[in-house]
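Structure, as structure tokens:
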Amino acid sequence: MLMNDMFDDFFGDSYKEPKTNAMLCDVREKDDGYEMNLAMPGYKKEDIKIDFTDGYLNINADSSKDVDEKKEGKLIRQERYHGHVSRRFYIGNVDESKIIAAFENGELKICFPKEEKKAVESNIAIE
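Residues 2 to 128 (my numbering) are what the sequence shown spells out, left to right.
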């Protein structure tokens, strides 16, 4: 067995942590609004983009790991990762200025108010 073949098996894909294309999410209803918590381990604040369009909250994150280490010895294998995850949630017509987002310790927290229900009174004509 060649030395390179041994390390290919030893550092094979079965030893890598699996990557998933989903952000695990919890949504809690509070008296005045909703709170979303999305697990995003391995991401940084600057990797994440949030926008609100036509009642939809869009969350996108891009991550890349490209480490070029200078160490003694022959390089046998070097890992690189480039990925993208996204989620989209319909939250209705809320005031965009009242949506608050914070990112800390791999968790994205988004709070937004409940959609205001307007009391509409209308008379229906009887034919």
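Glycine residues also receive a C-beta, built at the ideal position from the N, C-alpha and C atoms.
### Query
Taking buried to mean at least 16 other C-beta atoms within 10 Å of its own C-beta, is I101 buried or exposed?
exposed
### Message
According to DSSP, is K50 part of a helix, a strand, or is it coil?
### Response
strand
### Query
Do Y44 and G107 have their C-beta atoms closer together than 9 Å?
yes
### Message
Please report the distance separating the alpha-carbon of G1 from that of E73.
### Response
Given that the chain is displayed from residue 2 to residue 128, the structure contains no residue 1 and the question cannot be resolved.
### Message
Between the alpha carbons of E30 and H85, how many angstroms are there, rounded?
### Response
28 Å
### Message
Beta-carbon within less than 6 Å of L39's beta-carbon, same chain only, minus the 5 sequence neighbours each way: which residues are those?
### Response
M24, C26, L109
### Beta-bridge partners of N38, as assigned by DSSP
D27, K110
### Message
Tell me the rounded alpha-carbon separation between F53 and E122.
### Response
30 Å
### Message
Using a Cβ-Cβ cutoff of less than 7 Å, which residues in the same chain neighbour E18 once the five nearest sequence positions on both sides are dropped?
### Response
Low local confidence applies: a pLDDT of 46 at E18 is under 50, so the model's placement there is unreliable, and no value is given.
### Expected contact under 8 Å - CB spacing of E128 and V95 to nearest Å
Going by Cβ atoms, the distance from E128 to V95 rounds to 38 Å, so no, they are not a contact pair.
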